[in-house]
Every structure is written in C-alpha cells, then in structure tokens.
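Enquirer: Supplied in structure tokens, the structure appears directly below.
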Amino acid sequence: MGIDLVAGGRSKQTKRTAPRSDDVYLKLLVKLYKFLVRRTQSSFNVVILKRLFMSWTNKPPISLKRLITFMKEKEDKIAVIVGTVTVDKRVYEVPAMKVAALRFTETARARILKSGGSV
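Position 17, counted from 1, in the sequence shown is what our numbering calls 17; the numbers after and before it change by one each time, with no gaps.
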C-alpha cells in the first residue's frame with residue numbers, strides 16, 4: 001500500500017545552508033558565524049547566520065526612521081542589521097546610537113556619525 005499524494009508529490013521543507021552570493025566578505029562572515037553557532041549557546045548567532053543565508057529579496061533595507069523607533073529606550077544597546085541602512089528625509093533629529101550593518105548608504109552613515117553615533 002502506498003500513500004495517496006496530490007500531483008506534485010510530497011512537499012519537503014528546505015532551507016539554505018550557504019549563501020548563493022560570490023561576495024568574499026559575506027562568505028567570511030558566514031564562516032565566522034558558523035564557528036560561533038557551533039561553539040556558543042547563543043541563539044543570536046543562529047539568527048544572524050540564518051539571515052546571512054537569505055536572498056536579496058528577504059534582506060530588505062531598513063530606513064533610519066524604523067531604526068530609531070526600534071532603538072527607542074535602548075541607548076546602551078547595539079543595533080545589528082543584516083542588510084542596508086538607508087536615509088529617511090522625514091527624520092529631522094537622529095539620536096546617537098551604535099549600529100552594525102552589512103552596508104550603509106553614504107548619507108545614512110553621515111547622519112548617524114554627525115549625531116554622535118557609531119557605525
């Protein structure tokens with residue numbers, strides 16, 4: 001006896017185990033975070049590694065406005081973004097904050113540094 005399957009067969013959940021990009025620096029980050037996942041119990045490292053594997057579509061840019069709202073009342077924390085930080089002209093005052101991201105637009109980097117933050 002077999003299992004009656006709808007045309008198309010059995011659906012198996014798959015996930016990426018490596019990035020498809022040829023970016024050398026991205027591959028170095030993946031190598032680092034694979035080591036950290038293996039050697040530490042931190043779930044943060046697992047999340048970062050999973051996001052490094054994601055496609056360009058699933059790593060959308062984050063605007064300064066959203067970053068500021070996420071970082072409200074978390075001045076002593078470091079914001080980690082696996083993606084691009086872009087500038088938002090609707091924001092007049094950028095508070096000083098620490099941000100780590102894969103890339104920044106030039107204007108976003110300048111506005112964060114001008115406010116006394118670090119990238």
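Just so it is clear, CB atoms sit at the ideal spot from N, CA and C, and this is done for glycine as well.
With V82 and L52 assumed to form a contact (beta carbons below 8 Å), what rounded beta-carbon distance in angstroms separates them?
Expert: Indeed they touch by this definition, with Cβ atoms about 6 Å apart.
Enquirer: For R111, count neighbouring C-beta atoms within 10 Å of its own C-beta (all shown protein chains included) and say buried if the count is 16 or more, exposed if not.
Expert: So R111 counts as buried.
Enquirer: Helix, strand or coil for L102? Go by DSSP, reduced to three states.
Expert: In the structure shown, L102 sits in a strand (DSSP, three-state: E or B).
Enquirer: Helix, strand or coil for T14 per DSSP?
Expert: In this structure, T14 counts as coil in the three-state DSSP scheme.
Enquirer: Less than 9 Å between the C-beta atoms of V87 and S55, yes or no?
Expert: Taking 9 Å as the Cβ cut-off, V87 and S55 do not qualify as a contacting pair.
Enquirer: Keeping to the same chain, check which residues put their C-beta closer than 6 Å to that of K98; ignore five residues upstream and five downstream.
Expert: For K98, where only same-chain residues beyond five positions count, the Cβ hits under 6 Å are I78 and S118.
Enquirer: Helix, strand or coil: how does DSSP classify V87 here?
Expert: Note: V87 maps to coil in three-state DSSP.
Enquirer: Alpha carbons only, please: which of R103, A108, K114 and L113 is nearest the one belonging to Y25?
Expert: Minimum Cα distance to Y25 is reached at R103.
Enquirer: Note down the Cα distance separating R90 from S11, rounded to an integer number of angstroms.
Expert: Approximately 45 Å between the Cα atoms of the pair.
Enquirer: Please report the Cβ distance between L49 and K72, rounded to the nearest whole angstrom; I am assuming they are in contact, meaning their Cβ atoms lie under 8 Å.
Expert: The pair is not a contact, with the Cβ atoms about 27 Å apart (cut-off 8 Å).
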